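Read top to bottom, the protein sequences are chains P and L.
The first sequence finishes on residue 126 if you use my numbering, and the numbering steps up by one all the way, no holes.
The second sequence finishes on residue 388 if you use my numbering, and the numbering steps up by one all the way, no holes.
Backbone N, C-alpha and C define an ideal beta-carbon position, used for all residues, glycine too.
These numbers were taken from a predicted model, which means no experiment stands behind them.
Note sheet for the following structure.
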Amino acid sequence: MIRHDLTLAYELPPGWLSPWIDGLTKGKAVARKCAACGRVSFVPQRVCDCGSDKGTWVELSGRVKILRRTSGTEGEHCLAQFEGADIACVARLRNFAPGITHGHLVPSAKDVPMLILEPASDEGSN
Amino acid sequence: MVSVSGAALTPFCKSKDGSAFRDWAGSAFKQALAISTLDRCDIDMLVLASESDFFTLQLNPVSVIADDLGLAGCSTLRVEGGGASGQLAVHAGVRAILSGTARHVAVIGVDPSASQLSASAVKALYSFSFDAWSEGFAGVSATTLYALSVQGFMERLQLSKSHLAAVTIQNRENACANPNAHLGRRHTVQEIDDCTLIAAPYRRLHCSPLSDGAAAIILSKSGALPATRKTAPVILGIGASSDRVHLGARPEPDRFTAKSTAMKRACKSAGIEPKDIGFAEVYDAYAGAQLQAIEALGLSENIGQDLDAGEFGPTGRCPINLSGGLMGQGAPAGAIGVAQTANCALFLEGRNQSGLQPANPPRYALADTHGGICTIAAVTVLAQADAL
């Protein structure tokens, strides 16, 4: 056998997604609002479905509705829609008891963009 | 017109004989070339499908494969489109012939399962098949995304876990007749119900394996076929499409819309309709994904009813995955699409080694592949040589 150990440490520049990634690390939902049609995308889309690539960054409330959820050995994840966004996104769930339908974005690890949700304060946690 | 003058697959498995991806590519190519009755000096172009350099630890793999196969001097192309890599490579070969830049093209798909890496490392690498920045780094796996997609599909079509189990049972049963298959098994519903829950509703036995292996086809300009290969099947139509990379950005996350578009394009170029397809090799990365594909491809108007009636079984109206599919035959990522096309060609010509080789093969076959969560879709319509 040919043995080869390889350790890679990436530092990826966030580019145009910088406001979104910076927001995730702080627990802020920063979305892209299309300048042409007003559609709000979170995860941000560089080119809107209307075809425009002009837009502005807007901060959402961070509140989110869970549309679907799945759990198992791969962890707890969901398809969710942020308040004020026109599309859904996939996120990781933390401390979500069965039946909880709303949550909010929490800060991810420093410099690592992660969509992590915890239950909304008025729904409690397990 | 483009003909499949040769086709071959290595066994798909977890290789334990000390061989490597370069050996598998060479073996599949040699067998396919022998069927074509061409010589390696007849090959104008080599197209290689390989999904990830992390698994082979070989950047620019087509350069070493071309050298290993004695094809130095040919034009070369490496194609990568996730799970669709192999079918996109077939399309690239077809286009090269139709453009007049090549008469004979070798298309090879190969990938190792990278079983020497830790399971967590392989899972992390595959999660980068989606948007690494929004999903991969968050640990969102392929199984998670497919699970979230299939939930709505099952609700909409009123399908149950018994329908998912039926796919696993059929594909693994089909694989029992395939001497090259990785997972020929006879599962029970109870066994499936009891196995580990990966991401609801998907359990371990609803998932396809990662395999080692290679597949190769030789594409030839139909007018340049050797006299011995006039019965070679033809590629009648190809179609490809793509979708928004984020599942949540799609209007209907439970539908494989890119696949529907790819199928429409393939059928239009082939001059046929989905109902004309006699059998299909379908991308069954997960049990439910096969059912979502059947809907997107237009192969059934009532999937639950047709599944219950055995219409997709070996003796049904439209057999699906006679090879065993990804779930039974196995899934070396870059080889999948080439293997599907190779299997279709071999079945059409009556020379597939599977015990499920139809005595009277249908006129038309379909190879369906996708990458991501059906983010990139590629389908190919094949036909008997006399179908023109």
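Item to check | Whole-angstrom C-beta distance between L/I217 and L/V90, which should lie under 8 Å | outcome: 7 Å
Next on the checklist: Just to confirm, is the Cβ distance from L/T144 to P/T101 under 9 Å?
Outcome noted: no
Next on the checklist: Let me check one thing: in DSSP terms, what residues is L/L77 bridge-paired to?
Outcome noted: L/V47
Item to check | Neighbour list for P/I87 in chain L, Cβ cutoff strictly below 7 Å | outcome: G248 and A249
Checklist entry - For L/H163, which three-state DSSP category applies? => result helix
Item to check | Residue ranges of each beta strand (DSSP E) within the region 5-57 of chain L, 3 or longer | outcome: 45-49
Next on the checklist: Run through the DSSP bridge pairs and tell me what L/D111 is partnered with.
Outcome noted: L/G213
Checklist entry - Helix, strand or coil: which one does DSSP assign to P/E11? => result coil
Next on the checklist: For L/S5, which residues in the same chain have their Cβ closer than 8 Å to its Cβ, ignoring the five residues on either side in sequence?
Outcome noted: I35, S36, T37, L38, H104, I218, L219, S220, L225, P226, R229 and A232
Next on the checklist: For the alpha helix (DSSP H) containing P/K110, name the first residue and the last one.
Outcome noted: Per DSSP, P/K110 belongs to no alpha helix (DSSP H) and is neither H nor E.
Next on the checklist: For the alpha helix (DSSP H) containing L/Q292, name the first residue and the last one.
Outcome noted: A287 to L297
Checklist entry - In whole angstroms, what separates the C-alpha of P/R92 from that of P/G75? => result 8 Å
Checklist entry - Closer than 8 Å, Cβ to any Cβ of chain P: which residues of the region 164-189 of chain L, in chain order? => result none
Checklist entry - Can you list, in chain order, the residues of its chain whose CB lies under 6 Å from that of L/A387, leaving out five sequence neighbours each side? => result R363
Checklist entry - In whole angstroms, what separates the C-alpha of L/Y126 from that of L/L356? => result 32 Å
Checklist entry - How close, in whole Å, do the beta carbons of L/Y283 and L/H370 come, if the pair is a contact with beta carbons under 8 Å? => result 5 Å
Checklist entry - With DSSP run on the structure shown, which of helix, strand or coil describes P/R68? => result strand
Checklist entry - Hey, is the region 8-19 of chain L in contact with the region 321-336 of chain L, meaning 3+ C-beta pairs nearer than 8 Å? => result yes
Next on the checklist: Less than 9 Å between CB atoms is the rule here; does L/H370 satisfy it with respect to chain P?
Outcome noted: no
Item to check | For L/F279: DSSP bridge partner residues | outcome: L/A365
Next on the checklist: Counting C-beta neighbours from all protein chains within 10 Å, is the total for L/E273 16 or more, i.e. buried, or is it exposed?
Outcome noted: exposed
Checklist entry - For the candidate residues P/T73, P/A85 and P/R68, whose alpha-carbon lies nearest to that of P/L79? => result P/R68
Item to check | Simplified DSSP state of L/L236, which is helix, strand or coil | outcome: strand
Checklist entry - According to DSSP, is L/I272 helix, strand or coil? => result coil
Checklist entry - Is L/T341 buried or exposed, if buried means 16 or more other CB atoms sit within 10 Å of its CB? => result buried
Next on the checklist: Run through the DSSP bridge pairs and tell me what L/S99 is partnered with.
Outcome noted: Bridge partners of L/S99: none, in fact.
Checklist entry - Quick one: what's L/A106 bridged to in DSSP? => result L/L46 and L/I218
Checklist entry - Tell me, which residues are paired with L/T380 by DSSP? => result L/I238 and L/A367
Item to check | Straight-line gap, L/G26 to L/G83 (C-alpha atoms, nearest Å) | outcome: 21 Å
Next on the checklist: Contact criterion: CB-CB distance below 9 Å. Does P/A25 meet it with respect to chain L?
Outcome noted: The identity of residue 25 of chain P in the sequence shown is Thr, whereas the question assumes Ala. No, P/T25 lies away from the interface with chain L (no Cβ there is under 9 Å from its Cβ).
Checklist entry - Among L/Q329, L/P319, L/L307 and L/F347, which residue has its Cα nearest to the Cα of L/L159? => result L/L307
Checklist entry - Is it right to say L/E311 is buried, meaning 16 or more other beta carbons lie within 10 angstroms of its own, or is it exposed? => result buried
Checklist entry - Using a Cβ-Cβ distance under 9 Å, would P/V112 count as near chain L? => result yes
Checklist entry - Beta-carbon separation of L/R78 and L/V107 under 9 Å? => result no
Next on the checklist: If the criterion is Cβ atoms closer than 9 Å, does the pair L/F153 and L/A114 meet it?
Outcome noted: no
Checklist entry - Which term fits P/G66, buried or exposed, when burial requires 16 or more other beta carbons within 10 angstroms of its beta carbon? => result For the sequence presented, residue 66 of chain P should be read as Ile rather than Gly. The residue in question, P/I66, is buried, as its Cβ has 16 or more Cβ neighbours within 10 Å.
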